[in-house]
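Peer 1:
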Amino acid sequence: MQSSKKFDRLALANHIYGKIPAFTDIFDEETFYITAVFVVLGSILVAVILSRFVKLKPYGEGEEDDDEDE
Numbered sequence: 001m002q003s004s005k006k007f008d009r010l011a012l013a014n015h016i017y018g019k020i021p022a023f024t025d026i027f028d029e030e031t032f033y034i035t036a037v038f039v040v041l042g043s044i045l046v047a048v049i050l051s052r053f054v055k056l057k058p059y060g061e062g063e064e065d066d067d068e069d070e
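Counting in UniProt numbering, the sequence shown runs from 1 upward without gaps.
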């Protein structure tokens with residue numbers, strides 16, 4: 001019974017693996033570099049946009065001590 005479950009899982013893994021295209025099926029050298037450039041430029045763009053909206057405060061600023069009121 002145990003080997004049957006193991007065989008079923010292995011067959012399922014092989015089936016799924018066979019459906020996913022290999023890296024070399026998707027990219028050749030030129031398209032890989034083009035994709036890498038777009039990923040880098042996109043990351044920089046997202047970082048710049050987020051830096052306009054996200055403001056960080058130094059640690060401890062804006063905290064109130066509730067213990068002093070007691």
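We put the beta carbon where it would ideally sit given N, CA and C, even for glycine.
In the DSSP assignment, find the alpha helix (DSSP H) that holds Y33 and state where it starts and stops.
Peer 2: E29 to F53
Peer 1: Could you pull out every residue in the same chain whose Cβ sits closer than 7 angstroms to the Cβ of A47, ignoring the five residues on either side in sequence?
Peer 2: none
Peer 1: Anyone know if the C-beta pair for F23 and T35 falls short of 9 angstroms?
Peer 2: no
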